[in-house]
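K.L.:
Numbering (UniProt numbering), first residue to last: 1 to 435.
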C-alpha cells in the first residue's frame, strides 16, 4: 500500500502539493519579497529635485459615505506635500448626507482642490471612476477610497515611477503605481489581524510579484494610473465586480507595466465585523475568478506573448483547486472523525490530531516569519512587532477563510458570466474613528 507521503506516485505528489500549498506559497512570497528588498534598496525612483510637479487628479468614489468623507477631504485637501492637483469626489447615487457634505466643503473653502460630480443613480464604482476620469484634468489619476487618505510625500513617491526609469521597466511603460495600504482602525481583534495581513501577506505578495514582472492586482484603495494607459484599455471595465483586478490584467496584457510603491502609505479602514469581512473577501474572490475565466485562454494559447502571466495564472488555478480539495477533504475528515469516535479508535484520533497540529505549527512559523520579514522591510513601522503573536494564527485563519469565500463566489461568477455582471455597489459599514 502506498503511504500518504510516498512521493513515488503522481497522486501522492498532487496531494502533497495541495496539502502544503499555503506553506509553500508563503515561503515563495518570503523569498521573493526578500529579493525585492535587496534589489530595490536605495534604488526606488525618487521625485527629481526641482522638477515641475505633473498635474494629478485624485478621484474619490463615494456611495453613502457621510461618516468618513469629511475626514478624507481634510487629509487630501490640506495634508499633502504637493501643490499641482485636483480632487474629484464622485457621489454615486448617495442617499445620505454625502452630497450635502461635499457641497458644504466647496462653499466653505473656495480655494479647495475639490470638484464634485453627482451621479443620480447608483451604477457602481467602475462607472463612477469612469465618469471622474472623463472629467479629469490630470495626466495621472489617483484612485482612493472614501474611507482612506494619503499624506505627506505619498503623491511624489507614486508619480516618481512615471518620471524616472526603474530596475523593473522604463518610465514610459508604467501604466499604474499601487500604493501601500495600512489599516488605521485597530480597536478590535479582527482589525488587528488584518493589520498583520496587510503587513505580512499583501505587502509581501506585491513585492514578490514585482520580481516576477507582473502584479496580480493593484490595491484599488490607493492606485495611481497614467491617463493614456487607461484610455488605451477603454477605461474601467463596468462588467466586472472588482475594477482594480480587471484593469490590472487588461493593462498588463496590452504590454503596460504596474509598479509597487511601498513608501507610498495609504491609511484605510478595515472591516471590524466578520460578516462585513466575509462579504469583502467574497467580492475579492469573485473578482479573481472573473479575471481567471476571462483571460485564462488568452494566456494558455499565447504563453510566450503573455509571459510571465502564466505564473499568476498557475497560482490562481492552484488556489481554486486547493479550495475545492480543502472542502472535499474536510467532509472526509469529519466523516472519519465521527467514525473513529464511534469505534472508540483513540489511536487514529490521536494520529489525526498530531498531524493537524504539525500542519498548524508550520503555518504559524511561516506566518510569523512573513510578519518579521515585512517589519524588517518597513523600517518606519516597528509598531507592528507588538502584533507578532497574531501573525501565525492569522495565516492559518486566512487559509481557512479563503476556500469558503472562493467557493461562495463561484456561483456568482457563473451568473455574472451569463448576465454580464456589473451593476450597483454598497459601501461597507463605516465607523467614525479618532484621528
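Don't be surprised by glycine CBs; every beta carbon is placed ideally from N, CA and C. These numbers come from a predicted model, not from an experiment.
State the beta-bridge partners of residue 272 as determined by DSSP.
P.N.:
According to DSSP, residue 272 bridges with nothing at all.
K.L.:
Cα separation between residue 336 and residue 315?
P.N.:
Each residue's alpha carbon lies about 30 Å from the other.
K.L.:
Can you tell me whether DSSP reads residue 441 as helix, strand or coil?
P.N.:
Any answer about residue 441 is impossible in this case: the structure gives the chain only from 1 up to 435.
K.L.:
Just checking, does the segment 137-144 make contact with the segment 44-61 on the three C-beta pairs under 8 Å criterion?
P.N.:
In short, these stretches touch, since the Cβ pair count reaches three.
K.L.:
By the three-class DSSP mapping on this structure, what secondary structure does residue 217 have?
P.N.:
Correct three-state label for residue 217: coil.
K.L.:
Give me, in chain order, the residues of the same chain whose beta-carbon lies closer than 6 Å to that of residue 348; leave out the 5 immediate sequence neighbours on both sides.
P.N.:
340.
K.L.:
Please go through the same chain and pick out, in chain order, the residues whose beta-carbon is closer than 6 Å to the beta-carbon of residue 207, but skip the five residues on each side of it.
P.N.:
Excluding residues within five positions, the ones whose Cβ falls inside 6 Å are 33, 36.
K.L.:
Relative to the C-alpha of residue 198, which residue among 180, 417, 213 is closest?
P.N.:
Of the listed residues, the one whose Cα sits closest to residue 198 is 180.
K.L.:
Quick one: is residue 295 buried, meaning 16 or more other Cβ sit within 10 Å of its Cβ, or exposed?
P.N.:
Buried, because 16 or more other Cβ atoms sit within 10 Å of the Cβ of residue 295.
K.L.:
Three-state secondary structure (DSSP) at residue 298?
P.N.:
Helix at residue 298.
K.L.:
Could you give the first and the last residue of the continuous alpha helix (DSSP H) run that contains residue 347?
P.N.:
First-last of the alpha helix (DSSP H) with residue 347: 346-377.
K.L.:
Should residue 157 and residue 229 be called a contact, given that it needs their Cβ atoms to be closer than 8 Å?
P.N.:
Not a contact, by the Cβ cut-off of 8 Å.
K.L.:
I'd like the list of long-range same chain contacts for residue 148, defined as Cβ closer than 8 Å, with 5 residues on each side in sequence excluded.
P.N.:
Answer for residue 148: 72, 181, 221, 222, 266, 267, 268, 269, listed in chain order.
K.L.:
Less than 8 Å between the beta carbons of residue 257 and residue 368, yes or no?
P.N.:
Taking 8 Å as the Cβ cut-off, residue 257 and residue 368 do not qualify as a contacting pair.
K.L.:
Inspect the beta-carbon positions of residue 410 and residue 289 and report whether they are closer than 8 Å.
P.N.:
Contact: yes.
K.L.:
Does DSSP put residue 33 in a helix, in a strand, or in coil?
P.N.:
Helix, per DSSP.
K.L.:
Can you tell me whether residue 240 is buried or exposed? The criterion is at least 16 other CB atoms within 10 Å of its CB, across all chains shown.
P.N.:
That one is buried.
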